[in-house]
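Heads up: the protein sequence lines correspond to chains A and B, in order.
With the UniProt record's numbering applied, the first sequence has no gaps in its numbers, which climb one by one up to 597 at the end.
With the UniProt record's numbering applied, the second sequence has no gaps in its numbers, which climb one by one up to 597 at the end.
Here is the structure we will look at, set down as structure tokens.
Number of protein chains: 2
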Amino acid sequence: MPAYTPPLDDYRFILHEVLKVHEETAIEGYDELTEDMTGQILEEAGKIARDVLAPLNATGDDQGCRLENGVVHTPAGFRDAWNLLVEGGWPSMECDPEFGGQGVPSVLNMTVGLTQSSANMAFMMYSGLTHGAYSAIHTHGTDEQKRMYLPKLVSGEWTGTMNLTEPQCGTDLGLVRTKAEPAADGSWKVTGQKIFISSGEHDLAANIIHLVLARTPGAAEGTRGLSLFIVPKYLVGADGGLGERNALSCGKVEEKMGIHGNATCVMNYDGASGWMVGEEGKGLRAMFTMMNEARLLVGMQGLSQASAAYRAAAAYAKDRLQGRSVTGAAEPDKPADPLIVHADVRRLLLDQKAFVEGGIGFLCWVTMLLDAEKRHTDPKMREKAGDMVALLTPVIKGFLTEEGFRLTVNAQQIFGGHGYIEETGMSQFVRDARIAMIYEGTTGVQALDLVGRKLALRGGQPIMTFFEYVKGYIRDNEDDLALAKDFLNPLKQASKDLQQAAMFFMQAGMKNPNAALAGSVDFLHLFGHVCMGLAWARMAKAAHRAIQEGHGDRAFYEAKIVTGRYYMRRVLPETGLRLARIETGADPVMDLPADAF
Amino acid sequence: MPAYTPPLDDYRFILHEVLKVHEETAIEGYDELTEDMTGQILEEAGKIARDVLAPLNATGDDQGCRLENGVVHTPAGFRDAWNLLVEGGWPSMECDPEFGGQGVPSVLNMTVGLTQSSANMAFMMYSGLTHGAYSAIHTHGTDEQKRMYLPKLVSGEWTGTMNLTEPQCGTDLGLVRTKAEPAADGSWKVTGQKIFISSGEHDLAANIIHLVLARTPGAAEGTRGLSLFIVPKYLVGADGGLGERNALSCGKVEEKMGIHGNATCVMNYDGASGWMVGEEGKGLRAMFTMMNEARLLVGMQGLSQASAAYRAAAAYAKDRLQGRSVTGAAEPDKPADPLIVHADVRRLLLDQKAFVEGGIGFLCWVTMLLDAEKRHTDPKMREKAGDMVALLTPVIKGFLTEEGFRLTVNAQQIFGGHGYIEETGMSQFVRDARIAMIYEGTTGVQALDLVGRKLALRGGQPIMTFFEYVKGYIRDNEDDLALAKDFLNPLKQASKDLQQAAMFFMQAGMKNPNAALAGSVDFLHLFGHVCMGLAWARMAKAAHRAIQEGHGDRAFYEAKIVTGRYYMRRVLPETGLRLARIETGADPVMDLPADAF
């Protein structure tokens, strides 16, 4: 199994030299994010990831979750690890202090999450879903609901789930059939079957708080008839103690391609007691509070697997002796040179490295915007940041998971045949990463959200804000000639491609929405690359500055510049191809009759 | 599990309307390839694939192979299926009639193989490796060896393996440590450990003929010291009967990401009796007889999984109701429209369809060249065809497996969450397809062979032959205006990109070989796309002709043209991006110090 070493230097660089979170006084709580504070927390998180979570990753994959007599048993070691997390207060970091949380800004919590998910994605899902349930109740619940459920969701003594999918409905939630009927005491009786419920049933926590989307009697058809319900596994007394078992059960644990350590359950509700969260018929809105947050987390997961897989692949490439450098033996005393002498092995690794490091920059930037949306002192800035988060959430989700998967496959490739056998752990990274392109809305659904909804949001304000930001960044820095040539010019070109694509959608999409939707995933990738280019330009600038000022490890900063240059030269030009595809419009995609497929 | 329906119409179209094999009188044996004959054989092969092999695919994945007391048990049903293949004479189709084969041209055998491998890739590997062993002995063995081993390898009563890899050596065969020491009777004693041996031990056949690469005493270091040995599981008597068990055993069956139905074995040779094939020190040459053939077969495997996965995804997209068409409900009577109304679902499917159908055209064309190399009446044409096969083998292997995997993943994506659970079989297609990018030389190794060896072969004759062929094709057809606009012009551009890339390699690669190798995989993809563009141009021409002549099913031919146009417009422009990457040369890839990874 690959050992996991968290990239603490990269985190420090991004947080304190690129984003300079500690200098950001206008976002509440950022003043606490000193280099010392983030360093200590990330080092501690890194230790747990390396020593506790990573060694359990293969166990989880091997053993999976077993359903026996209605009880789901998680893999050996998961309970102890969960208790350790709860005792350390890790699940509560970002939560509201009123309910026992630590109120730490998201940007730090996300970095901790990336560290933990890199080490063991399936295990960390128990915590991720719990945070989603926390958010939905925190945003839409009554005071009583908050008092009743939040403290233990915050601490991690209880966990949470999201129940949307049914056999006949995945993306199309308008088809939900699960019913909720009013009971005399103001509660509801929930009946129906939900599938693909992550962390649906398990033995880690004393209670599981299910958030269930269901249809009330006489409600409208489609999504407007849906409401959201809290349906706990054990009923909760007024004193917060656990009461009787609710009428719900796990019918099956799915056999999946990966994330075996997380129990993906069929959940059956047989008149289970539930309590409505938010207003009747507004269930989807409440669910989307969880969903938007979950989408950022899933983007992070895609990045996390590529990150862990890259680290394993780089170590292997430096260790494994095979063949000789074409320019003469690099290590003539050994029977062969290490793999890393070979140009194509380096290409595979550089694709990964440039994505992983740029991806951390991209993800942390958007998470900082999320903090600004919630915590900025200036309401105008909150609004602007909110626009950007809304716009960039589907990009983070779609781009980081698609590229994350592709590059995890590349990391596996470095191992040759050894990557295909389970022993090395590379197959698990690939199998686990695969789900991130699917759940919380497939890539296609993200692209639809981006092109069909977010581009037109508030008269196109968010996308204009984005373009202004990129333009402003280029303008402010173009006097830096080294930066301009290698970074700003390619970024300018890529951003122009993105603008041209958006313009095409506006013109052609007016006449035929399919002219925009046919290119929507290409647009998502194009957008992702522009964001990565921006991240690399910012990172290169910070690295240049450090070298000029002569502080820190020069080799570290030079590596950033070289890696960034690789991205700008070899990866970013993909934007041109994406634009060309987008401009072919609807016909190539729509011309073929359905029965000719 | 997805049902499997072989694309008999596509085969007929490629063989008889595009390649017109039945009109090719200069290749020996092609006169027998009438539409009736190929149709009957492919229909029969398709039946077995659909009714016997496909239903066993999930069984193989589920049960895998078990090692118990030295015996490897294949999954339930595999023995019966193997016996059925042997009784039907399927393994012997392409083999030499002198040893019981049917002498059928490769082009038909490959199409049969594609059908069978689409239905059950892991199972068909037992046959594929056997054919490799047959070829090595047929080409390099003595008359006695041929008499002794070939008839039963041809019939499939015995199976074969290739033993190259050892723990310390994959690609770099110069590191092989397995030893062969001469015995008094002219045989050899083989000692060493081989790993990743596909079909290494199993219960399908009475004997297994291992071909083992080993080093003789005092032999040169590196690959020039290697010889190839026949090492049978059971010794074979002069009468052809089975004698005592040889000193070799299976030490372990590997747990792999996929192809669970095939036993991937650690093989231990403990002074096992072996017989040298070909000359001492020429083992690699003899092994490459198997290897080149195996590379075409592995390319076919990549295509086969994309083909099967596409068919399943297309069926699902027409059946699964989810969401509504943006241009108004397509099936207003139903609760939702089928997935196929959505532009992005169509894009995913068209990427697959265009690859799968174009890939069959590409693969069959190269296999026809292989037949021409072996069977053409004109020695000049044999040489020319041989050049093309040598050049295109790494392209077939690398491109069809990389794109095949990518598009199998796309097919899985159509299923949403249902694609991630094992029940639907989509995960298996992905996991099985993944190996094809690795074994018989990774994509990087194929690209090295292509750029480092094949481009310069005989003063660049093969690549010049290829460019002349493409140019000639365009010149001969440019009067056809419909074809010229939609197909020949894009092909011309793509071919120009390929030429420019080859030119760049010649110039920059002279000074620094890494300038060529850094772009070698990009070149392989670029080359693959040009071949696919050529295949689609030829297919479009045949379809146009059929429509003009008014024969057959017009919708079938129109679908070919629409699908081809999709390829030319949306996929082929990738060549420009590949060229741009290639022209960045060595620096972006070589600049970063090894310890900065």
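Using N, Cα and C, we set each Cβ at its ideal position, and we do this for glycine too.
- Taking Lys189 (chain B) as the centre and dropping the five residues before and after it, the same chain places the C-beta of Glu181, Ala183, Gly271 closer than 6 angstroms to its C-beta, in chain order.
- Counting along the chain, no alpha helix (DSSP H) covers Leu457 (chain B), and no H or E run does either.
- The contact set of Ser427 (chain B) on chain A, defined by CB atoms closer than 7 angstroms, consists of Met257 in chain order.
- Looking at the DSSP output, Trp158 (chain B) sits in a beta bridge with B:Asn207.
- If the five residues before and after Gly101 (chain A) are omitted, its C-beta is found closer than 6 angstroms to the C-beta atoms of Ser92, Cys95, Val154, all from its own chain and listed in chain order.
- Contact note: Gln507 (chain A) does not reach chain B at a C-beta cutoff of 9 angstroms; the least C-beta distance is about 17 angstroms.
- The C-beta of Arg66 (chain B) has fewer than 16 other C-beta atoms within 10 Å across all chains shown, which makes the residue exposed.
- If you draw a straight line from the Cα of Pro332 (chain A) to the Cα of Ala294 (chain B), it is about 33 angstroms long.
- Contact annotation for Ile340 (chain A) against chain B: Ala594, Phe597 [CB-CB distance below 9 angstroms, chain order].
- Assigned with DSSP and collapsed to three states, Arg224 (chain A) falls in helix.
- In the three-state scheme derived from DSSP, where H, G and I count as helix and E and B as strand, Gln193 (chain B) is classed as strand.
- Of all residues in the region 329–356 of chain B, the ones placed with a Cβ closer than 9 angstroms to any Cβ belonging to chain A are Ala330, Pro335, Ala336, Pro338, Ile340, Val341, His342, Ala343, Asp344, Val345, Arg346, Arg347, Leu348, Leu349, Leu350, Lys353, in chain order.
- The CB of Met503 (chain A) never comes closer than 8 angstroms to any CB in chain B; the least such distance is about 19 angstroms.
- No Cβ-Cβ contact shorter than 7 angstroms links Gly425 (chain B) with Ala76 (chain B).
- The beta-carbon of Ala494 (chain A) is placed no less than 7 angstroms from the nearest beta-carbon of chain B.
- The C-alpha of Thr563 (chain A) is placed about 56 angstroms away from the C-alpha of Ala206 (chain B).
- For Cys364 (chain A), no pairing in a beta bridge is given by DSSP.
- Secondary structure note for His73 (chain A): it is in no alpha helix (DSSP H), and the uninterrupted beta strand (DSSP E) holding it is 71–73.
- DSSP lists B:Thr191 as the bridge partner or partners of Asp270 (chain B).
- Secondary structure of Ser118 (chain B) (DSSP, three-state): helix.
- Annotation for Ser495 (chain A): the continuous alpha helix (DSSP H) segment containing it runs 489–511.
- Apart from the 5 residues on each side of it in sequence, Trp82 (chain B) sits with its Cβ closer than 6 angstroms to the Cβ of Leu204 in its chain, given in chain order.
- By the CB criterion at 7 angstroms, Gln446 (chain B) and Gly519 (chain B) fall outside the cutoff.
- For Gly299 (chain B), the uninterrupted alpha helix (DSSP H) segment begins and ends at 283–319.
- Secondary-structure assignment with DSSP links Ala180 (chain B) through a beta bridge to B:Val190.
- Using beta-carbon distances, Val521 (chain B) counts as an interface residue toward chain A, with a partner under 7 angstroms.
- Around the beta-carbon of Thr34 (chain B), fewer than 16 other beta-carbon atoms lie within 10 Å, marking it exposed.
- Taking 7 angstroms as the CB threshold, Gly274 (chain A) stays off the interface with chain B.
- Judged by beta-carbon spacing, Val521 (chain A) lies beyond the 7 angstroms limit of Thr442 (chain A), meaning their Cβ atoms are not closer than that value.
- Ala411 (chain B) places its beta carbon 7 angstroms or farther from that of Tyr4 (chain B).
- Following the DSSP letters along the chain, one finds Tyr11 (chain B) inside the alpha helix (DSSP H) bounded by residues 8–12.
- Chain-order list of chain A residues neighbouring Asn514 (chain B): Val326, Thr327, Ala343, by C-beta distance under 7 angstroms.
- In this structure, Gly156 (chain A) sits near Val86 (chain A), with a CB-CB distance shorter than 7 angstroms.
- With the criterion set as a beta carbon lying under 8 angstroms from some beta carbon of chain B, the region 287–308 of chain A has no members that meet it.
- Judged by DSSP secondary structure, Cys250 (chain A) falls outside any alpha helix (DSSP H) and instead within the beta strand (DSSP E) spanning 248–253.
- For Met426 (chain A), the secondary structure class from DSSP, reduced to helix, strand or coil, is helix.
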